[in-house]
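Residues in the sequence shown are numbered from 118 upward in steps of one, following the working numbering. Here a beta-carbon is modelled for each residue, glycine too, at the ideal position from N, C-alpha and C.
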Amino acid sequence: MAERVLVGAGVGAGVAIGTTFYLPAAAYRLARGGNMQDPGRIMFSAARAAIAEVASDLEAEALELDGDAQSIIFALAGILCDPELASVLKDFFAEGARPEQAIRGAFAQFSRKLTALGGYFAERAADLDDLAERVIRQLGGVLESVQLPEHPYILITENLSPLIASKIDPAVCRGVITAIGGATSHAAIMLKSARVPVVAGVYDATSIANGTRVVLDASSGQVFVNPDAHEIERYSLVAEANTSAIQIISEQALKPLPVQVMANLGSSTESASAVAAGAEGVGLLRTELLFLGSESAPSLQDQMFEYSKILSRFSGQKVVARLLDVDFDKPLPFMRNTGEGKYSGRGLTALLANPEVLEAQLRALWQAQGYYPRTELWIMAPMVTSAAQARAFLDFAAAVGLVGGVRPIKLGVMIEVPEVLVEGELTLILRMCDFVSIGTNDLTHYILQDYQPLANDAKPSKGELHSRRTLSLDVDSPYEALIYSQVRRVIEAAKLEGKPAGVCGEMASDARAATQFIKWGVDSLSVAPALIGQLRAALASSL
Ligand code: PEP
Ligand code: MG
């Protein structure tokens with residue numbers, strides 16, 4: 118057992134094993150003296166000159182990069198040239214602020230403005246603190262350069278800025294752990310495109326001492342501090358599998374398959390890697406990230422902006438958006454009602470109990486699709502517990518205007534709780550919905566929970582199922598056979614009713630399980646973008 122297991126938001130799906138290098142928050146200082154302490158016009162022009170220098174340095178840095186990383190650094194340079202920032206700065210100096218106060222104050226005020234605009238702008242705001250410090254260093258003539266090791270290391274830092282991210286060499290930096298920040302920060306996106314696995318927002322990350330051995334698993338968001346030999350061995354195999362899979366993608370992954378291999382996305386920032394990995398559309402768009410960490414629900418506008426970014430990337434393909442699936446352990450303050458029954462507080466049960474949230478999400482998706490009519494939008498409800506509940510969802514969507522009309526949207530449900538496997542229920546659901554998608558993570562968890570003979574400690578938790586590539590029951594175990602037989606029933610019943618059926622839980626990325634699903638007639642498999650290449654390659658050689 119590892120000494121400790123810390124959890125955060127994983128970015129990408131890679132595994133890294135190595136020793137840590139802790140980068141402390143830089144101790145910035147401003148050289149003082151002479152006119153540096155004088156507020157006013159002279160200082161304002163000096164600060165503007167420093168800002169211009171930093172902006173041009175950033176542009177030079179951007180030219181060395183490409184793709185997302187380049188556009189992010191260019192955008193930061195653009196922010197520095199914003200006349201509104203200069204005008205706020207001028208006010209601070211006019212009021213007699215010292216240089217570092219003026220710069221921090223002006224940047225903070227500008228950052229609040231961006232945050233208030235929300236969405237993409239709010240994400241930019243997080244980078245302004247770092248830019249302010251850089252301008253201060255430039256102005257004070259104290260330019261500390263970040264020194265990163267030249268030997269392999271796993272970086273631990275409080276908050277990773279894009280500026281530091283751009284200095285990271287993927288050839289030596291095996292992974293990054295941050296204490297603050299989320300999976301969608303610019304720095305995380307940059308590292309993801311450089312294939313450096315990241316676990317962000319790990320509480321207590323900075324307590325890990327320099328030089329500590331860790332295993333970082335970005336797909337489950339786990340960090341194992343001082344792992345034992347067994348854990349190292351297990352994760353070394355995963356790390357090797359990732360590398361060898363990348364090597365065979367070019368040969369095998371392009372072969373046509375009798376199934377659509379699609380991407381599971383958690384946000385628009387993953388779209389580019391999904392497209393690059395050859396995703397044939399999005400089979401599961403998890404929308405929870407948009408809703409987490411805020412006192413109020415995201416506005417229709419913010420949601421539409423995020424959905425539009427995704428729909429725009431998959432023109433001519435299908436995007437299956439899953440409505441908010443709030444979990445028991447992460448209650449959202451604006452979901453005031455939980456609904457009734459065994460699944461109260463989750464999935465469709467919670468959404469129907471909070472109709473304003475459901476309506477806003479449906480409208481936002483619908484409006485976003487209006488901008489990208491070439492992308493086929495399918496919407497599905499999570500954790501549907503009965504045919505009657507599925508009916509309530511379809512009626513709700515019809516009342517919002519999503520059924521019929523000039524651009525009808527396909528509406529389906531996830532099959533992920535045992536209650537809907539009952540013969541009559543399943544058939545009714547299949548008849549009323551346009552499609553179904555099997556969520557094997559929850560389905561496995563709840564089937565095993567209901568299955569008394571299995572000892573409690575032998576049942577994998579939902580979290581464990583998420584972090585595994587395969588169902589960790591023995592190949593010949595009767596429990597695995599039980600899950601397989603239920604998945605098979607759903608696929609075959611869907612075929613009988615002429616409705617598309619997909620699998621979007623972790624089992625879809627297990628080539629052995631996926632081969633069975635294909636034999637039974639599954640229409641699509643949806644997996645994390647980083648696993649698409651290796652799944653396609655494995656299926657191409659086994660089918
Ligand atoms: C599942 O349960 O298999 C699924 C895909 O949904 P979740 O996001 O709950 O893992
Ligand atoms: Mg689920």
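Residue range of the beta strand (DSSP E) that includes residue i
{"i": "ILE134", "result": "132–140"}
{"i": "ASP334", "result": "330–334"}
{"i": "GLY529", "result": "527–532"}
{"i": "MET379", "result": "377–382"}
{"i": "LEU560", "result": "Careful: LEU560 lies outside any beta strand (DSSP E), inside the alpha helix (DSSP H) at 557–567."}
{"i": "PHE634", "result": "PHE634 -> not in any beta strand (DSSP E); alpha helix (DSSP H) instead, spanning 628–637."}
{"i": "MET624", "result": "Looking at the DSSP string, MET624 is not in any beta strand (DSSP E), and its letter there is neither H nor E."}
{"i": "ARG403", "result": "399–403"}
Any non-hydrogen atom of the ligand PEP within 7 angstroms of residue i CB
{"i": "LEU401", "result": "yes"}
{"i": "ASP567", "result": "no"}
{"i": "GLY127", "result": "no"}
{"i": "GLY462", "result": "no"}
{"i": "ASP442", "result": "yes"}
{"i": "GLU621", "result": "It should be pointed out that residue 621 corresponds to Cys in this sequence rather than to Glu. True, at least one ligand heavy atom lies under 7 angstroms from that Cβ."}
Beta bridge counterpart(s) of residue i as assigned by DSSP
{"i": "GLY410", "result": "Answer is none; GLY410 lacks a bridge partner."}
{"i": "LYS435", "result": "GLU493"}
{"i": "ILE294", "result": "ILE273 and VAL316"}
{"i": "LEU123", "result": "VAL340"}
{"i": "PHE552", "result": "GLY529"}
{"i": "VAL128", "result": "VAL315"}
{"i": "ALA498", "result": "VAL530"}
{"i": "SER385", "result": "Partner(s): none; SER385 has no beta bridge."}
{"i": "ALA618", "result": "VAL553"}
{"i": "SER667", "result": "Outside the displayed span of the chain (118 to 660) sits residue 667, for which this structure offers no information."}
Start and end residues, alpha helix (DSSP H) containing residue i
{"i": "VAL517", "result": "504–517"}
{"i": "LEU482", "result": "472–488"}
{"i": "GLU542", "result": "540–549"}
{"i": "LEU441", "result": "Counting along the chain, LEU441 falls outside any alpha helix (DSSP H), and DSSP gives it neither H nor E."}
{"i": "ILE189", "result": "184–197"}
{"i": "SER390", "result": "388–393"}
{"i": "TYR270", "result": "No alpha helix (DSSP H) contains TYR270, which is instead part of the beta strand (DSSP E) from 270–274."}
{"i": "LEU417", "result": "417–430"}
{"i": "LEU656", "result": "646–659"}
Test: residue i CB closer than 8 angstroms to a CB of chain D
{"i": "ALA655", "result": "Structure shown: chain D not included; a single protein chain is present."}
### Task
Could you name the residues whose beta carbon sits closer than 5 angstroms to any heavy atom belonging to the ligand SAH, keeping them in chain order?
What this structure holds is the ligand PEP and the ligand MG, not the ligand SAH.
### Task
Can you check the segment 206–251 for any alpha helix (DSSP H) of at least 4 residues that lies completely inside it and give the ranges in chain order?
The segment 206–251 contains, as complete alpha helix (DSSP H) runs of 4+ residues, the segments 216–234 and 236–242 (chain order).
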